[in-house]
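Numbering-wise, the sequence shown is residues 14 to 420 according to the working numbering. Even glycine gets a Cβ: it sits at the ideal position worked out from N, Cα and C. All values derive from a computational prediction rather than experimental measurement.
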Amino acid sequence: PEQVEWKNVGVSTKGKQVGELISMTLTVLLCLFWTIPVGFVASLANVESLTELLPFLKPIVEENPWFGALLAQLAPLILVVFISLLPVILLAFVGLEKHVSIASYQHPSLFNKVAWFTIIQTFFISTISGSITSKLQEIANNPGSVVELLATALPAQASYFIQVILVQNWLGLGIELLRVSPIVQSFLRHYVGRFLGYDLTEKERASTYLGLRVFSDPLEYFFGRKLGGETMLIFMVLFVYAPMSPITCYFTLLVFLLLAMGYRNQFIYIYPTANDSGGTLYLCFIKILIICMIIAEIVLIGVLSLKEAPIAVGLLVPLIIVTLLFNSYLKKKHYYVTRYLPTEDCAAVDRKNTEEGLTLEFLKDAYLQPALKIRSAIPENYGEIEGKEVIESTDRKEDDEEAAVVQ
Numbered sequence: 014p015e016q017v018e019w020k021n022v023g024v025s026t027k028g029k030q031v032g033e034l035i036s037m038t039l040t041v042l043l044c045l046f047w048t049i050p051v052g053f054v055a056s057l058a059n060v061e062s063l064t065e066l067l068p069f070l071k072p073i074v075e076e077n078p079w080f081g082a083l084l085a086q087l088a089p090l091i092l093v094v095f096i097s098l099l100p101v102i103l104l105a106f107v108g109l110e111k112h113v114s115i116a117s118y119q120h121p122s123l124f125n126k127v128a129w130f131t132i133i134q135t136f137f138i139s140t141i142s143g144s145i146t147s148k149l150q151e152i153a154n155n156p157g158s159v160v161e162l163l164a165t166a167l168p169a170q171a172s173y174f175i176q177v178i179l180v181q182n183w184l185g186l187g188i189e190l191l192r193v194s195p196i197v198q199s200f201l202r203h204y205v206g207r208f209l210g211y212d213l214t215e216k217e218r219a220s221t222y223l224g225l226r227v228f229s230d231p232l233e234y235f236f237g238r239k240l241g242g243e244t245m246l247i248f249m250v251l252f253v254y255a256p257m258s259p260i261t262c263y264f265t266l267l268v269f270l271l272l273a274m275g276y277r278n279q280f281i282y283i284y285p286t287a288n289d290s291g292g293t294l295y296l297c298f299i300k301i302l303i304i305c306m307i308i309a310e311i312v313l314i315g316v317l318s319l320k321e322a323p324i325a326v327g328l329l330v331p332l333i334i335v336t337l338l339f340n341s342y343l344k345k346k347h348y349y350v351t352r353y354l355p356t357e358d359c360a361a362v363d364r365k366n367t368e369e370g371l372t373l374e375f376l377k378d379a380y381l382q383p384a385l386k387i388r389s390a391i392p393e394n395y396g397e398i399e400g401k402e403v404i405e406s407t408d409r410k411e412d413d414e415e416a417a418v419v420q
């Protein structure tokens, strides 16, 4: 019950569709224009560029030199805080979609938004950030130039993306293993609770107070936020740069090995068992993974086209077709199974219950929908069509009697 957003129960389909449309629109706008505020915050470190952008600050900086040094020191901190607000903003967009399940950092919709935001910002926006306005105008005039633009810009940034995944994951893993944030929170919780008098009993000392948690009561691991923002970036870098810069494979393998060892320890000994999402995060992960593969293949075709290698380009076209066919196979074979219980499984359960002596007597007075009370008419030539003898009237009478028992 605590995982249900009760105010969204009974919301009309139209209301949900409108909420999803608004959420999608806001997410796309945020992806496109996120570079502007982030770039402005990053420019605080360069006082000269900042004074050119905002001339009224120039006399203040000249009269108070310490103000420029303060801006340079605060810029990285402000940037970190600004980026950390991204999951909170996207989570607010998830709340607009009117899902019955409560909007949390484990929600599959948040996973999708964080994953797409990371991919778009990393492989589309960052590659053209040097002249974002002119490039966007060029893309608007000729959408086909996106492939050529990425094929020109991405190969030169292999070392940059390797450094990004190494720093992001190794630094994050080190902080995770050292439990820096929980230790700081527990320290503040101890002294704030003592100062405000909320540490008189053992229960008070072991409970969360003013949003500060004790060290012995850790939060659950937020798969929706972590997988979408970090793991999808590793796979995207691997798919794009594995054929162009094979050394990327070794670095990503090293990152995965260290993450597997570190987080296995955390999941076994640190984090509490979270509520099961029913495999929805895994489905979202596989779907986006397939799209990442297709994007990487298209970029590789663009690179080979610039290298004037028509034979190699022709050999890569079947690869994209095979990837699309594999995606179609997954949709028909696996995705539907996760949404609907197969009829074979239902029949197996019924047979097992019948063998164990389960009868349908308990359904005799149960409610039955009016449409189910009327048996569908069977044509007289049904048996002839199937190549069998016509159904005897006695068999029909027995079926009618069984149906009457159920009703």
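- With a cut-off of 8 Å on Cβ pairs, the segment 326 to 334 is not in contact with the segment 269 to 278, counting fewer than three such pairs.
- Assigned with DSSP and collapsed to three states, Y222 falls in strand.
- A residue is called buried once 16 or more other Cβ atoms fall within 10 Å of its Cβ, and F130 is buried on that count.
- Taken atom to atom, the span from the alpha-carbon of V22 to that of I301 is near 29 Å.
- Secondary structure in the segment 187 to 273: the alpha helix (DSSP H) runs of 4 residues or longer, each lying completely within the stretch, are 193 to 209, 215 to 218, 236 to 239, 245 to 254 in chain order.
- Shown here, V113 sits in coil according to DSSP, grouped into three states, outside any helix or strand.
- As a beta-bridge residue in DSSP terms, V17 pairs with S114.
- Here the alpha carbon of K344 sits roughly 22 Å from the alpha carbon of F252.
- Setting aside the 5 residues that flank it on each side, I115 is surrounded in the same chain by Q16, E18, each with a C-beta closer than 6 Å to its C-beta; the list follows chain order.
- By alpha-carbon distance to V197, the top candidate from P383, P231, F269 is P231.
- The shortest CA-to-CA distance from L39 to any of R226, I304, F69, I102 is the one to I102.
- Between M37 and the set V107, A322, P78, the nearest pair of CA atoms involves V107.
- A Cβ-Cβ contact shorter than 8 Å links S199 with F228.
- With the rule of 3 Cβ pairs closer than 8 Å, the segment 205 to 218 does not count as touching the segment 256 to 265.
- Rounded to whole angstroms, the gap between the alpha carbons of F248 and R207 is 47 Å.
- Note on geometry: alpha-carbon atoms of H203 and I283 lie some 20 Å from one another.
- Residue burial annotation: P195 is buried, with at least 16 other C-beta atoms found within 10 angstroms of its C-beta.
- For D363, the enclosing alpha helix (DSSP H) covers residues 356 to 368.
- DSSP places W129 in the helix class (H, G or I) of the three-state scheme.
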